[in-house]
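First up is the structure itself, then whatever we jot down about it.
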Amino acid sequence: MKPANLEEYKAIPFKERGQALIEIAEEFNEKPNRKTAALLKNIAVLGGIDSEQVAKAVVHVARNPKTWKLSRNILNAARGAAAPHLLGALRDSNRRKFAMNLLKEMPDQARTCAKQLHDPEISGYLIEVLASKRMARSAAIECVNLLTYKAKKANAILVLTNPAVAPHSAMACAAALRYKKKKREAKNLLAHSNIAPYAPRHLVNALGDTRAEAAIEVLNNPQVRKYAEPFMIENADKGPFAPLVCELLRSWGIEPPPLRRNKTKTD
76 MKPANLEEYK AIPFKERGQA LIEIAEEFNE KPNRKTAALL KNIAVLGGID SEQVAKAVVH
136 VARNPKTWKL SRNILNAARG AAAPHLLGAL RDSNRRKFAM NLLKEMPDQA RTCAKQLHDP
196 EISGYLIEVL ASKRMARSAA IECVNLLTYK AKKANAILVL TNPAVAPHSA MACAAALRYK
256 KKKREAKNLL AHSNIAPYAP RHLVNALGDT RAEAAIEVLN NPQVRKYAEP FMIENADKGP
316 FAPLVCELLR SWGIEPPPLR RNKTKTD
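In this text, residue positions in the sequence shown follow my numbering: the first is 76, and each later residue adds one.
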């Protein structure tokens with residue numbers, strides 16, 4: 076018997092809840108309505124195995140586009156439990172669009188998505204998901220962490236060099252200069268044509284810590300230097316690393332501008 080409300084659902088023994096949810100989800104698929112959607116969402120909020128089973132059931136029946144709007148609210152409530160099932164739905168042409176659109180709204184699931192970049196069957200769809208507007212920043216952080224994994228590295232680089240992700244990739248790659256295993260690839264990526272325009276700010280901030288040597292090496296790269304010169308000239312008298320910036324400019328044969336003096340009311 077299908078439960079009509081949350082209290083009736085809670086009264087069902089744990090072992091039988093999965094089947095009850097499948098029945099509710101199938102009914103929802105045939106006749107999408109707010110009442111059933113609200114029940115599924117309330118069950119999803121319970122967390123644990125209930126969230127897992129709701130996500131599984133709702134994603135399973137997401138072949139009907141008429142359910143997608145209501146299903147989105149249910150799966151957003153299930154959140155982490157939903158992501159693995161949405162990844163599975165990428166393999167089904169009837170559910171793929173739904174799964175991709177929903178994953179794009181889940182930046183907190185970037186790691187779950189990035190971990191599957193080695194799968195040739197869904198990697199193309201995952202690259203599109205990770206390069207989406209809301210996902211981009213989280214995707215950059217997660218994909219930099221994959222630079223040491225041979226099977227995932229190539230697709231991780233495709234994400235990092237995507238124009239939508241590139242501004243965030245500059246930040247993530249500059250941070251990765253701290254780590255021996257990631258340093259070489261991070262330096263190469265910072266000089267990539269899509270990432271280089273955003274790199275100078277992050278590299279200048281790296282001049283004051285253990286990344287300094289690697290940061291200077293990247294700043295000396297012609298692809299980065301053409302963006303770094305105007306940025307550094309403009310900011311030569313700003314911030315705690317101003318002396319280091321001036322020193323680097325002089326090594327390039329550029330005399331930094333004199334320190335600016337703050338104007339007072341008497342000037």
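Note that CB positions come from ideal geometry on N, CA and C, so glycine has one too.
Rounded straight-line distance, which links the Cα of residue j to that of residue i
i: ARG138; j: GLY155; result: 21 Å
i: ASP342; j: ASP312; result: Note that ASP342 scores 45 on pLDDT, short of 50, meaning its location in the model is unreliable; the coordinates nonetheless yield the value given after this. Rounded to the nearest angstrom, the two C-alpha atoms are 21 Å apart.
i: SER213; j: ARG170; result: 24 Å
i: PRO297; j: ALA158; result: 42 Å
i: LYS255; j: ALA261; result: 10 Å
i: THR339; j: GLY314; result: Unreliable positioning characterises THR339 in this predicted model, as indicated by a pLDDT of 46, which lies under 50. A coordinate reading is not provided.
i: ASP167; j: VAL134; result: 11 Å
i: PRO333; j: THR285; result: 28 Å
i: LEU162; j: GLY199; result: 12 Å
i: GLU330; j: CYS188; result: 47 Å
i: ALA221; j: ASN237; result: It should be noted that the sequence gives Leu, not Ala, for residue 221. Their Cα atoms are separated by approximately 16 Å.
i: LYS225; j: ASP194; result: 13 Å
i: ALA215; j: ASN295; result: 24 Å
i: TYR302; j: PRO318; result: 19 Å
i: LEU252; j: THR223; result: 13 Å
i: GLU91; j: ALA231; result: 41 Å
i: HIS277; j: LEU264; result: 13 Å
i: LYS172; j: LYS227; result: 23 Å
For residue i, the three-state DSSP class (helix, strand or coil)
i: LYS340; result: At LYS340, the pLDDT of 47 sits below 50, so the modelled position is not reliable; the number obtained from the coordinates is stated separately. Of the three classes helix, strand and coil, the one that applies to LYS340 here is coil, per DSSP.
i: THR285; result: coil
i: GLY314; result: coil
i: GLY328; result: coil
i: ARG253; result: coil
i: THR236; result: coil
i: VAL293; result: helix
i: ASP194; result: coil
i: LYS77; result: coil
i: ILE118; result: helix
i: MET175; result: helix
i: MET210; result: coil
i: HIS267; result: coil
i: THR223; result: coil
i: VAL279; result: helix
i: ASP167; result: coil
Contact belief for residue i with residue j at Cβ below 8 Å, rounded distance in angstroms
i: SER207; j: LYS179; result: 4 Å
i: VAL136; j: PHE103; result: 7 Å
i: LEU165; j: MET181; result: Not really, about 13 Å apart at Cβ, beyond 8 Å.
i: VAL219; j: ALA247; result: 4 Å
i: GLU217; j: ARG186; result: 5 Å
i: VAL299; j: ALA271; result: 5 Å
i: ALA132; j: ILE97; result: 5 Å
i: ALA95; j: LYS77; result: 6 Å
i: ALA245; j: ALA211; result: The Cβ separation is near 12 Å, so there is no contact.
i: ASN412; j: ALA100; result: What the structure shows of the chain is the stretch from 76 to 342, and residue 412 is not part of that stretch, so it cannot be assessed.
i: ASN269; j: ALA241; result: 4 Å
Neighbour flag for residue i against chain C, beta carbons, 9 Å
i: LYS208; result: The structure shown contains no chain C; it is built from a single protein chain.
Does the structure place the segment 319-332 close enough to the segment 278-296 that three or more beta carbon pairs sit under 8 Å?
yes
Answer yes if the segment 111-119 comes into contact with the segment 76-87, meaning at least three C-beta pairs across the two stretches below 8 Å, and no otherwise.
yes
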